[in-house]
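A.B. asks: Quick one: the structure is below, questions incoming.
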Amino acid sequence: MSISAPQPNPSTDRDARTGDTVTDRLVEANRKYAENFTDPGMDARPVQRVAVVACMDARLDLHEALGLELGDCHTIRNAGGVVTDDIIRSLTISQRALGTRSVVLIHHTGCGLLNLTEDFRHELEEEVGQRPSWAVEAFKDLDADVRQSMQRVRTSPFLVHTDDVRGFVFDVTTGLLREVTPRT
Ligand SMILES: [Zn+2]
């Protein structure tokens, strides 16, 4: 797999008719959104007291897939839904400052990280002359990685609620979650 970023192509990245970039279209969509927006008067503390940690994958609509409403939960996402130090940072703030108690971890079938290895880091280093400080956190076995993520949450000294931590694999073809049993 090539690690080089695709070259920008202004002729295809812009709307053929209006010449808008994708960001222009997002800003326009937001203007329409705000026209019908009324202040829900919500507190920042999630109503369902849950934090969902998931992959950033574009096919995973967390609110729709889990029946969540605005204000219900924290959603914390990164490549793979891997529990990194920064995820622990967000979970710590979520629990200690904003009152969440449950953690739901979601990986998914067809994840981009299944096709990568730590060679990605070495190739990056060769290309740019600098070694990234982060691990790629690539994995070959979805269930094993969900278990690893659950374990990292449960053993974090910074978190106060580690009794309700559950992990799942989301099937991008059926929309169904499958629960991964923790290591016993
Ligand atoms: Zn993914």
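First residue of the sequence shown: 1, per full-length UniProt numbering; consecutive thereafter.
Cβ atoms here follow ideal geometry from the backbone N, Cα and C, with glycine treated the same way.
Here the structure is a predicted model, which means the values were calculated and not measured.
(1) For H63, name the three-state secondary structure that DSSP assigns.
(2) So for H74, helix, strand or coil by DSSP?
(3) Which stretch, first to last residue, makes up the beta strand (DSSP E) that contains R166?
(4) For R178, which beta-bridge partners are listed by DSSP?
(5) Helix, strand or coil: how does DSSP classify S133 here?
(6) If you reduce the DSSP assignment to three classes, tell me which class V82 lands in.
(7) Could you check if G167 belongs to the surroundings of ligand 1, using beta carbon to heavy atom distance under 7 Å?
(8) Could you tell me whether any non-hydrogen atom of ligand 1 is closer than 7 Å to the CB of D141?
(9) Quick one: is V27 buried, meaning 16 or more other Cβ sit within 10 Å of its Cβ, or exposed?
(10) Would a C-beta distance cut-off of 8 Å place T109 and V172 closer than the cut-off?
C.D. replies: For this structure:
(1) DSSP, read as helix, strand or coil, puts H63 in helix.
(2) Reduced to three states, the DSSP call for H74 is strand.
(3) DSSP places R166 in the uninterrupted beta strand (DSSP E) bounded by 165-170.
(4) R178 is bridged by DSSP to V169.
(5) coil
(6) coil
(7) no
(8) no
(9) Answer is exposed; the Cβ neighbour count stays below 16.
(10) yes
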